[in-house]
Amino acid sequence: MDPATAAVLETLRLAQSEYVYRSVEEPIGVDGFVIPAGWLLRICVAESHLLDPHFVDPLRFDPGRHVRSRTARSEFSPFGLDAHSCLGARLTLELGRSLVEAFADYVPTVEASERPSRGNRHWRHWGVGPDFRLLLTPRE
12 MDPATAAVLE TLRLAQSEYV YRSVEEPIGV DGFVIPAGWL LRICVAESHL
62 LDPHFVDPLR FDPGRHVRSR TARSEFSPFG LDAHSCLGAR LTLELGRSLV
112 EAFADYVPTV EASERPSRGN RHWRHWGVGP DFRLLLTPRE
């Protein structure tokens, strides 16, 4: 895997993973508790991307982890699961890789008085304030 794609995947692992809902068809036992049939189950994909042993030192940004080893879809699924996965996954990876490669020759500096925030809606995507500016200085 190329380093730019690995950087995009690591960014998705830490900052943009979603959650999915599934309807429980049969009762499920989990650590002595029972999730009844008919309930709506929220699967926290973002939280699963922080679990050891799949991701050693899970809060550290380390694109190399995606180069050193491949993870199964059950361990890393930033674009959702099975038939409900994102149709734009390949396009997102390609655009992200292109952006990382384009920025490689620059030092980025963020100027903003407001911190990025996550919305409280369904998908919780990050957003920036109206005064956000990204300055790119050529590397020497």
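According to this note's numbering, the sequence shown holds residues 12 to 151 in order.
Backbone N, C-alpha and C define an ideal beta-carbon position, used for all residues, glycine too.
As the structure is a computational prediction, the values presented were derived from the model and not from experiment.
*asked:* Please classify PHE143 as buried or exposed, where buried requires at least 16 neighbouring CB atoms within 10 angstroms.
replied: Counted from its first residue, the sequence shown places residue 143 at position 132. Its Cβ having fewer than 16 others within 10 Å, PHE143 is exposed.
*Specify the secondary structure class of LEU110 as computed by DSSP and reduced to three states.*
In the sequence shown, counting from the first residue as 1, residue 110 sits at position 99. Correct three-state label for LEU110: helix.
*Go to GLY75, then tell me how far its alpha helix (DSSP H) extends in each direction, as first and last residue.*
Taking the first residue of the sequence shown as 1, we reach residue 75 at position 64. Start and end: 75-79.
*My guess is that VAL111 and VAL19 are in contact by the Cβ rule of under 8 Å, so how many angstroms apart are they, rounded?*
As a first step, residue 111 must be located in the sequence shown, where it is residue number 100. As a first step, residue 19 must be located in the sequence shown, where it is residue number 8. Confirmed, about 6 Å.
*Give a yes or no on contact between the segment 105-123 and the segment 58-73, applying the rule of three or more CB pairs nearer than 8 Å.*
no
_Option nearest THR120 by Cα separation, candidates LEU98, ALA100, LEU147, SER128_ = In the sequence shown, counting from the first residue as 1, residue 120 sits at position 109. For THR120, the nearest C-alpha among the options comes from LEU147.
_I need the DSSP call for SER96, collapsed to helix, strand or coil._
As a position in the sequence shown, residue 96 is number 85, starting the count at 1. Reduced to three states, the DSSP call for SER96 is coil.
*Taking the alpha-carbon positions, what's the GLN27 to PRO141 distance?*
Here residue 27 refers to the residue found at position 16 of the sequence shown. Here residue 141 refers to the residue found at position 130 of the sequence shown. In a straight line, the C-alpha of GLN27 is about 21 Å away from that of PRO141.
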